[in-house]
Amino acid sequence: MRRSPVDKRAARRVRCASLCEHVSERRRPEMSDERAIIGIDIGGTKIATGVVRGTRVLERVLLPTPADRPKEEVLHQVFASVDLVLERTGYHIEEIEGIGVVAPGPLDPRMGTLLYSPNIPALRDIPIARLMRERYGRPVLVENDANAAGLAEALFGAGTGYAHVFYVTVSTGIGTGVILGGKIYGGRTGMAVEAGHVTIDYEGPLCNCGHRGCIEAFASGTAITRRTKEKLRQATTPSHLLDLVAGDLEAITPIVVGEAARRGDPLALEIVEETARFLSIWLGGMINVFDPDIIILGGGVSQWGDLLFPRLRQLTPTYSILPRAAEVAIVPARLEADVGILGAAALFAAT
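Numbering follows numbering that gives the first Met the number 0, with no gaps: position 204 of the sequence shown is 203.
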């Protein structure tokens, strides 16, 4: 009797759970409840900093990111967030085991340097690990934000029990991370898997990275907003999208697109379908390269939920050459709210 893809995925998960226990004859990394770690997530709009024990964020501070200001102002805001979270929790810096910092890449995790970010101009050539060590006197680990988020999801989120995890966050840009046996795959230099900048059409739209046709230029939140505005300007029939934003095109976001699609708006449904197809073409290629057990999708666009995930599960295997591609689970992330802080702290679990 032939098993369904669901049955096969269940069996594969059992095998993965066994494999995870034996990767390199070591236990999967764990987060100790006995040690306090500061996690810092430097994002395009906000800096989120928290004190973490185990898998619990004891306190968090959110400050705006001065993304278009000099890097000194970004650093000042990062330091301010750490000082504030220590003040709120009552911890002395000597009680903190380490500080994890995550930010959009490319960055050099081995040197602890933020190299540059296409979406945050201020994050260029910042030796963040050295500066944090000099100020706070604690060990500092630095990682790409998507890698760290993928690590958190693999250790205690949607990827628990799977050996090979491909993580995607679709928000302002598209970030990705690959986790193998509880460890981030960083490649030769530690900067691997900038898969948001894999080209799916060399004549496609210009990406913020300077190249054309990256999946980020087609399916990120920024790209979705751009396409929606273009279609609305060309539309000859009314759309619920305009009703939802009171006619203000600048108020269009992927969340608004999802809401209009749920109301059956044809233009919004077209945008969702296009996005699902773009992502599926790309994810099929990622399956060809990495053959993961599970694909975890986070970020604002994942909030489309059942508008998006059934189509991804249906379409993605059709763009992969691997005969068992349909067995790859495609699921929403579980740790969305604090995933950056938890991922930054999880870097110490993986050491």
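By construction, the Cβ of each residue, glycine as well, lies at the ideal position given by its N, Cα and C atoms.
Legend entry - Spatially closest choice to L243 from A234, L114 and E258, by CA coordinates: E258
Inset, instruction - Reducing DSSP to helix, strand and coil, say where D337 ends up. - result: coil
Legend entry - Euclidean distance between Cα positions of T112 and G189: G189 has its alpha-carbon roughly 12 angstroms from the corresponding atom of T112.
Legend entry - E58 - containing beta strand (DSSP E), residue span: Element bounds for E58: R55 to P63.
Inset, instruction - Quick one: grab the DSSP three-state call for A234. - result: Three-state DSSP puts A234 in coil, outside helix and strand.
Inset, instruction - Determine, using beta carbons only, whether H196 and P291 come nearer to each other than 8 angstroms. - result: no
Legend entry - Whole runs of the alpha helix (DSSP H) within the stretch 192 to 247, excluding any shorter than 4 residues: 214 to 218, 220 to 233 and 239 to 243
Inset, instruction - May I ask which residues mark the beginning and end of the alpha helix (DSSP H) holding A275? - result: P265 to F289 is the span of the alpha helix (DSSP H), which, as asked, contains A275.
Inset, instruction - Please determine, among L268, P316 and I280, the residue with the shortest C-alpha to C-alpha distance to W303. - result: L268
Inset, instruction - Assign R226 to one of two classes, buried (16 or more other C-beta atoms within 10 Å of its C-beta) or exposed (fewer than that). - result: buried
Inset, instruction - Ignore the nearest five residues each way along the sequence and tell me which others in R123's own chain have a CB closer than 6 angstroms to its CB. - result: Y115
Legend entry - Residue nearest to V77 in terms of C-alpha spacing, selected from L57, Y90, H91 and I98: I98
Inset, instruction - Could you tell me the distance, in whole angstroms, from the CA atom of A216 to the CA atom of P105? - result: 17 angstroms
Legend entry - Straight-line Cα distance separating A157 from L240: 32 angstroms
Inset, instruction - Report yes or no: do three or more beta-carbon pairs, one from the stretch 271 to 290 and one from the stretch 312 to 326, lie closer than 8 angstroms? - result: yes
Legend entry - CA-to-CA distance, P204 to I270, given in whole angstroms: 16 angstroms
Legend entry - Span of the alpha helix (DSSP H) around D82: K70 to T88
Legend entry - Burial state of H21 (16 or more Cβ within 10 Å): Legend: pLDDT at H21 = 39, less than 50; position of this residue unreliable, value from coordinates given subsequently. Exposed.
Legend entry - Cβ-Cβ separation, Y166 to I295 (assumed contact under 8 angstroms), whole Å: 5 angstroms
Legend entry - For V141, the three-state DSSP class (helix, strand or coil): strand
Legend entry - the stretch 61 to 76 in contact with the stretch 38 to 47 per 3-pair CB rule at 8 angstroms: They touch, by the three-pair rule.
Legend entry - Neighbourhood of S301 by C-beta distance below 6 angstroms, restricted to the same chain and skipping five residues each side: P331
Legend entry - Host alpha helix (DSSP H) of P309 (start-end): F308 to L314
Inset, instruction - Under the assumption that V327 contacts I293 (Cβ atoms under 8 angstroms), give the Cβ distance between them as a whole number of angstroms. - result: Contact holds; Cβ gap of about 7 angstroms.
Inset, instruction - Determine the extent of the beta strand (DSSP E) in which V293 is found, giving its start and end residues. - result: In the sequence on display, residue 293 carries Ile and not Val. Taken as a continuous stretch (DSSP letters only), the beta strand (DSSP E) holding I293 covers I293 to G297.
Legend entry - V288 burial status per 10 Å Cβ neighbour count (16 or more: buried): Exposed, since its Cβ has fewer than 16 Cβ neighbours within 10 Å.
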